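In the numbering used here, the protein residues as written are 25 to 225.
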DNA sequence: AATTTGCCCAACCGCAGACTC
DNA sequence: GGAGTCTGCGGTTGGGCAAAT
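The following block contains the structure:
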């Protein structure tokens, strides 16, 4: 196995690991307030933290950043996560970009601990009850095919496919203003017309 | 009361693209 | 253009806690 680039590992000897202390948080926040959330290696050094830059970035992004929403995921948010995941697959950062105040890590954790189980359960139930006409079956197959094509594009980054088009262009939070949960929910209600549209392409 | 089990979530790891020199 | 470094992402791990035994 090839060695990872130096920057991807916290190689500093005796670097602090594990949970952050309140004091470390404070130091990090102070430095970021002055210098901004960039050049994480130097942020770590300036803050006098015995942490690698990567660790500082993660702490900032997932915990210290302003406007982080803490606490339970609402039903509306959950519904949005489900819909977005259906469209985007495991592209947590894109999904998080549409949920104000939520982090990719939080959504990923929520998905893994709650929603993936819910979905498996639902699938099991559906398998028991679903009796479809041939016509309906064909439609489902077609939909699956389209979703697969999207997800192929989402499984690797920077793939020039429809999936990537949808994920990167339509859901790129950096290229748009903030959207409300209501707006996203309404947008996603257009799922079916989306599928039809894509299928015709 | 002590131990085991299962869950949640913060943090770490490795990879890949972007950036810099 | 290429090597080295930085940044961001998704997958995974492990510590802490509560519930169950």
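Every residue gets a Cβ at the ideal spot worked out from N, C-alpha and C, and that includes glycine. If you're wondering where the values come from, they're calculated on a predicted model, not measured in any experiment.
When secondary structure is reduced to three states using DSSP, residue 121 falls in the helix class. Scanning its chain for C-beta atoms nearer than 7 Å, with the 5 sequence neighbours on each side dropped, one finds around residue 132 the residues 116, in chain order. For residue 80, the enclosing alpha helix (DSSP H) begins and ends at 77-83. Burial state of residue 71 is buried, judged by a 10 Å Cβ sphere holding 16 or more other Cβ atoms. One thing to note: residue 40 has its Cβ no nearer than 8 Å to the Cβ of residue 91. Assignment of residue 116 by DSSP, reduced to helix, strand and coil, places it in the helix class.
The beta carbon of residue 129 is closer than 7 Å to those of 86 in its chain, skipping five residues each way along the sequence.
The C-alpha of residue 93 is placed about 24 Å away from the C-alpha of residue 111. At a Cβ-Cβ threshold of 8 Å, residue 67 and residue 80 count as neighbours.
In this structure, residue 78 and residue 64 form a Cβ contact; the two beta carbons are roughly 7 Å apart against a cut-off of 8 Å. Taken through DSSP and simplified to helix, strand or coil, residue 44 comes out as coil. Counting the other CB atoms within 10 Å of its CB gives residue 101 a total of 16 or more, which places it among the buried residues. Residue 146 and residue 119 have their C-alpha atoms spaced approximately 22 Å apart. Residue 74: not part of any alpha helix (DSSP H); DSSP gives it neither H nor E. Burial is judged here by how many other beta carbons sit within 10 angstroms of a residue's own beta carbon; residue 42 has fewer than 16 and is exposed. Per DSSP, reduced to three states, the secondary structure at residue 110 is helical. In this structure, DSSP gives residue 92 a state outside helix and strand, which the three-state scheme calls coil. Counting along the chain, residue 129 sits inside the alpha helix (DSSP H) bounded by residues 128-134. Inclusion of residue 122 and residue 104 in the CB contact set at 8 Å is warranted, their separation being smaller than that value. Contact between residue 44 and residue 61 fails: their C-beta atoms lie close to 16 Å from each other, not under 8 Å.
Taking C-beta separations shorter than 8 Å and ignoring five residues to either side along the sequence, the partners of residue 56 in its chain run 67, 84 and 88, following chain order.
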